[in-house]
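Below is one structure, written out as structure tokens, with a few remarks after it.
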Ligand code: SF4
């Protein structure tokens with residue numbers, strides 16, 4: 001560890017002022033403190049926002065759901081409205097981390113968490129995300145868990161969040177508060193692909209604070225669920241995952257929302273899969289045909305070619321699980 005200053009923000013206004021001066025926001029601290037211990041991150045000032053009134057889950061006027069940034073993963077997963085309206089969100093949260101971590105970690109912190117690429121966390125390794133211009137040790141190193149979609153020459157790391165995959169599938173919006181006031185950013189625009197600047201991971205302006213994630217309303221009943229494939233059944237990040245939401249009326253799929261995790265540099269919305277489902281009648285043949293395009297555009301690395309087929313199978317299986325639950 002190294003010296004840093006710590007201040008607890010008594011109000012949102014004072015938190016924003018500290019953020020404008022370069023302070024780093026911290027709530028549960030389940031990612032940031034680890035990275036500080038390893039000196040991967042070295043913020044000079046931490047601003048504790050855990051006392052701010054951003055800890056509610058509310059139904060929006062249109063029937064969607066707004067989850068405050070400081071709602072813990074445990075609270076969100078247990079919330080009756082989350083479980084009944086968007087089971088895919090509750091399942092993604094419950095399949096994340098350990099119970100102890102879920103009790104501490106917040107929704108805002110979860111979507112802000114940084115990659116689990118081992119080279120990123122090893123300060124002796126070349127890593128453009130940690131140290132721009134230093135190179136990418138994963139490209140020529142051991143890259144079994146890395147991304148096959150959305151990669152660049154400069155970075156091939158996956159985004160580690162499970163619930164972010166559910167948010168991406170449901171086309172949630174991230175509410176932000178900053179000097180310019182409030183704004184809402186579509187989830188697909190909030191997390192950035194690495195391109196030539198993998199060190200820049202979110203579309204946040206200096207000092208901006210995440211206040212909530214809002215999931216839009218969908219026609220009901222919307223069937224949804226999350227499937228996570230990993231090396232062991234507990235405390236492990238996804239090799240592949242699939243978040244699926246389907247609205248079927250009159251025996252025909254009217255809405256299909258599908259995203260994948262563990263394979264992209266950001267949660268990966270599978271628009272080709274969605275398009276293959278809309279207007280069709282649920283069947284095993286349809287699930288298999290739609291899932292064939294799940295890995296379109298994939299660029300596998302030396303050790304992660306298996307993810308192409310694994311992703312297709314994961315998506316097919318989860319389409320069947322959700323589609324057959326009606
Ligand atoms: Fe760093 Fe990204 Fe390369 Fe990992 S994949 S070493 S995070 S640049």
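Numbering (full-length UniProt numbering), first residue to last: 1 to 326.
Ideal placement from N, C-alpha and C gives every residue a C-beta, glycine not left out.
Note that the structure is predicted; figures quoted are calculated from it, not measured.
Neighbourhood of ligand 1, defined by CB distance below 7 Å to any of its heavy atoms: 115, 117, 119, 120, 125, 126, 127, 128, 129, 130, 136, 137, 138, 139, 146, 154, 155, 156, 157, 194 and 198, in chain order.
About 5 Å separates the CB atoms of residue 152 and residue 194; that is less than 8 Å, so the two are in contact. Annotation: the stretch 179-223 contains the following complete segments of the alpha helix (DSSP H) (minimum length 4 residues), in chain order: 187-190. Collapsing the DSSP output to three states places residue 80 in a helix. For residue 244, the enclosing beta strand (DSSP E) stretches over residues 240-249. In this structure, residue 55 lies near residue 68, with their beta-carbon atoms less than 8 Å apart.
With fewer than 16 other CB atoms across the displayed protein chains lying within 10 angstroms of its CB, residue 309 is exposed.
Take residue 277, set aside five residues on each side of it, and the residues of its chain with a beta-carbon closer than 8 Å to its own are 246, 253, 256, 258, 286, 290 and 319, in chain order.
Per DSSP, residue 263 lies in no alpha helix (DSSP H) and is assigned neither H nor E. One Cα belongs to residue 185, the other to residue 212, and the distance between them is close to 11 Å. Per the C-alpha coordinates, the member of 305, 10, 1 and 16 positioned closest to residue 207 is 16.
Rounded to whole angstroms, the Cβ separation of residue 172 and residue 107 is 10 Å, and the two are not in contact under 8 Å.
Contact between residue 295 and residue 269 is ruled out by a C-beta separation of about 13 Å, above the 8 Å threshold.
Boundaries cannot be given for residue 120, as no alpha helix (DSSP H) includes it and DSSP labels it neither H nor E. Proximity to residue 112 across 77, 217, 210 and 95 peaks at 210, based on C-alpha coordinates. By the beta-carbon neighbour count (other beta carbons within 10 angstroms, threshold 16), residue 315 is buried.
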